[in-house]
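For the record, in the sequence shown the residue sitting at position 117 is 117 according to the numbering used here, with numbers rising by one throughout. Remarks on the structure that follows.
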Amino acid sequence: MTPQHPARPAIVGHRGASAHAPENTLAAFRRAIEDGADLLECDVHLSADGEVIVMHDETVDRTAAADSPLRSGAIGDLTRAELDTVLLEEGERVPSLAELLEMTTVPVFIEVKVADAGEAVAAQLAGLPEDSPAKASTVISFHAEALEAIRRGSPATPVSYLVGQVTEDEVRTALDLGAAGIGPGIDGLSLGAARAVHEAGLHLNPWTVNSAAQLEVALACCVDTITTDDPAWLQRELDVRG
């Protein structure tokens, strides 16, 4: 049985509203919610002392501000205390996953960037209060091992398998993982690939849609969610289309 797909896909704020605020910061996540995001998307790594840290890159080098006291270093080599000294653009700080889960009013797509962070993320999600909006979050990853850790440590948490392009092998892997969905890059998505995902009973969660042409592909493929850097823009575009 194929899943029912919404007439209007859910809007996912990619790294928050990263078109308008520093990516993967609490300011960006708040802005995404204000701009109409139904879900947030973040990236996580583990610090040297085992804290789940929200940042896309393995290092702080790209996103640290020019006047940051600490401007370089791998997240896995830095402690939470050292990461607290990193200054991002617009005066923002490096958040932890716990801080994001506490402040959000919508579910989160949590992308586990390194496989060994899966167990720590599972533990945080399993420990959330039942009435927390974050309890309905989904873990996404290119790493099957990370999603397996989520399935073990927080069985009620849905997972979605990230891929560059949809292939038979990738769909089979998603099903073997017990995934609820699969997340291909939008530029590699086709009607045939979308049909294969739907026929497998999986939700279709493409990334990252930032142009009208990409949006047309997503809508033609009857996607379930659309991840974008600019939730306000996407909301306007969907409103125009009814």
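Cβ atoms here follow ideal geometry from the backbone N, Cα and C, with glycine treated the same way.
Practice task
Below 7 Å CB to CB, which residues in the same chain sit around Ala200 once its five sequence neighbours on both sides are set aside?
Solution key: Val171 and Leu175
Practice task
Check each candidate in Asp131, Glu145 and Pro155 and name the one with the smallest Cα separation from Thr138.
Solution key: Pro155
Problem - Arg241 versus Leu219: straight-line alpha-carbon distance, rounded - result: 10 Å
Handout entry: Cβ neighbours of Ala180 in the same chain (closer than 8 Å, five flanking residues each side left out)
Key = Thr138, Pro158, Val159, Ser160, Leu202 and His203
Handout entry: Identity of the residue in Gly16, His45, Ala193 and Gly153 nearest Gln124 by Cα
Key = Gly153
Exercise for the section: Compute the Euclidean distance between the alpha carbons of Ala120 and Asp35, then round it to the nearest angstrom. Expected result: 30 Å
Handout entry: Complete runs of the alpha helix (DSSP H) confined to the stretch 25-78 [at least 4 residues]
Key = 26-34
Exercise for the section: Closer than 6 Å by C-beta to Gly91: which residues in its own chain qualify, once you throw out the five before and the five after it? Chain order, please. Expected result: none
Problem - Inter-stretch contact (C-beta, 8 Å, three-pair minimum) for the stretch 22-32 and the stretch 85-105 - result: yes
Practice task
Can you grab the Cα-Cα spacing for the pair Met1 / Lys135, in whole Å?
Solution key: Residue confidence for Met1 is low, a pLDDT of 45 falling below 50, so the modelled location carries little weight and cannot support an answer.
Practice task
Answer yes or no: the CB of Thr59 versus the heavy atoms of the ligand SAM, is any distance below 8 Å?
Solution key: For the structure depicted, the ligand SAM is absent and the ligand set is empty, with no information on it obtainable.
Handout entry: Span separating the alpha-carbon of Glu51 from that of Thr79
Key = 8 Å
Handout entry: Residue range of the alpha helix (DSSP H) that includes Gly183
Key = Not the alpha helix (DSSP H): Gly183 falls in the beta strand (DSSP E), residues Gly181 to Pro184.
Practice task
With Thr173 as the anchor, note down where its alpha helix (DSSP H) starts and where it stops.
Solution key: Glu168 to Asp176
Handout entry: Start and end residues, alpha helix (DSSP H) containing Gly243
Key = Absent from the structure is residue 243, since the part of the chain shown begins at 1 and ends at 242.
Practice task
Identify, in the order they occur along the chain, each residue of the same chain with its Cβ nearer than 6 Å to the Cβ of Pro95, setting aside the five sequence neighbours on each side.
Solution key: Leu26 and Val54
Exercise for the section: Would you kindly work out how many angstroms separate the C-alpha atoms of Val197 and Leu189, rounded to a whole number? Expected result: 11 Å
Exercise for the section: Assign Ile128 to one of three DSSP states: helix, strand, or coil. Expected result: Looking at the sequence provided, one finds Leu at residue 128 rather than Ile. Looking at Leu128 - three-state DSSP - the assignment turns out to be coil, as it is neither helix nor strand.
Exercise for the section: Quick one: using the 10 Å Cβ neighbour count with 16 as the cut-off for buried, is Ala212 buried or exposed? Expected result: exposed
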